[in-house]
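>
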Amino acid sequence: DLRSRRARKLTDGRAIDTGPCYSPDGRRIVFESDRDGTQQLYIMNADGSGVRRITPNEGRYSTPVWSPRGDYIAFTKQLGGKFLIGVLKPDGSGERILTEGFHNEGPTWAPNGRVIMFFRDSPGVNGGPKLHTIDLTGYNERPVATPAFASDPAWSGLIN
Numbered sequence: 652d653l654r655s656r657r658a659r660k661l662t663d664g665r666a667i668d669t670g671p672c673y674s675p676d677g678r679r680i681v682f683e684s685d686r687d688g689t690q691q692l693y694i695m696n697a698d699g700s701g702v703r704r705i706t707p708n709e710g711r712y713s714t715p716v717w718s719p720r721g722d723y724i725a726f727t728k729q730l731g732g733k734f735l736i737g738v739l740k741p742d743g744s745g746e747r748i749l750t751e752g753f754h755n756e757g758p759t760w761a762p763n764g765r766v767i768m769f770f771r772d773s774p775g776v777n778g779g780p781k782l783h784t785i786d787l788t789g790y791n792e793r794p795v796a797t798p799a800f801a802s803d804p805a806w807s808g809l810i811n
């Protein structure tokens, strides 16, 4: 609680609950948990009530992040030895995988909510972590020029 400066535990049990992200309106939290056996995404109210899973058992989900309007959640999905970037609606419907490839991770939304930046770690001589952007159709992927390897992207509020 920011007003009282007191911490309060919102989850309890033997599960590993990590990666919390508040919705833009501050009313809900999406997080990753292994409480049902594999790492999945869950949503709860900001007070810790109403916990519900929003992803299926297929694959392991991580790094959830709300879109600026709160209408989508971007995530990393590990499936078949690959790390994929995808989106789904907060009720768990409409999952779409936007990227293919070896190792894609760390999605973050552009302030306009129409583009996601992530990093791709490619194997080989010219490999290493590099930034990319992709729109919600999954068809317009572009590399982001950086002077060296880059990961953990973040957007400036000045860039749309």
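To get the working numbering, take the position in the sequence shown, counting from 1, and add 651.
Note that CB positions come from ideal geometry on N, CA and C, so glycine has one too.
What you are looking at is a predicted structure, and each value in this text was computed from that prediction instead of being measured.
#1: Report the three-state DSSP secondary structure of P780 (helix, strand or coil).
#2: Would DSSP call V812 helix, strand or coil?
#3: Report yes if the CB atom of T784 is closer than 9 Å to the CB atom of M768, and no otherwise.
#4: Can you give me the Cβ contacts of D676 inside the same chain, cut-off strictly under 7 Å, excluding the 5 residues immediately before and after it?
#5: Secondary structure at S700, three-state DSSP: helix, strand or coil?
#6: Just to confirm, are A725 and T669 a CB contact at a threshold of 9 Å?
#7: What do you reckon, is the C-beta of N696 under 8 Å from a heavy atom of the ligand NAP?
#8: Please return the same chain residues whose Cβ sits closer than 8 Å to the Cβ of P715, not counting the five positions on each side in sequence.
#9: I need the boundaries of the beta strand (DSSP E) containing T727, first residue and last residue.
#10: For S674, I'd like the list of residues in its chain whose CB is within less than 6 Å of its CB, leaving aside the five on either flank, ordered along the chain.
#11: Report the rounded CA-to-CA distance for D772 versus E746, giving the unit in angstroms.
#12: According to the neighbour-count rule (16 or more other Cβ atoms, all chains shown, within 10 Å of its Cβ), is Y712 buried or exposed?
#13: Could you pull the start and end residues of the beta strand (DSSP E) that V681 belongs to?
#14: Could you check how far apart the C-beta atoms of L782 and V766 are, in whole angstroms? I think they sit under 8 Å.
Here's the rundown:
#1: strand
#2: No answer is possible for residue 812: the residues shown for the chain start at 652 and end at 811.
#3: yes
#4: G721
#5: coil
#6: no
#7: The model on display carries no ligand, and the ligand NAP is accordingly not part of it.
#8: G670, C672, V681, F682, E683, L692, I724, A725, F726
#9: 724-730
#10: W717, G721
#11: 23 Å
#12: buried
#13: 679-684
#14: In fact, because the Cβ distance is near 12 Å, the residues do not count as touching under 8 Å.
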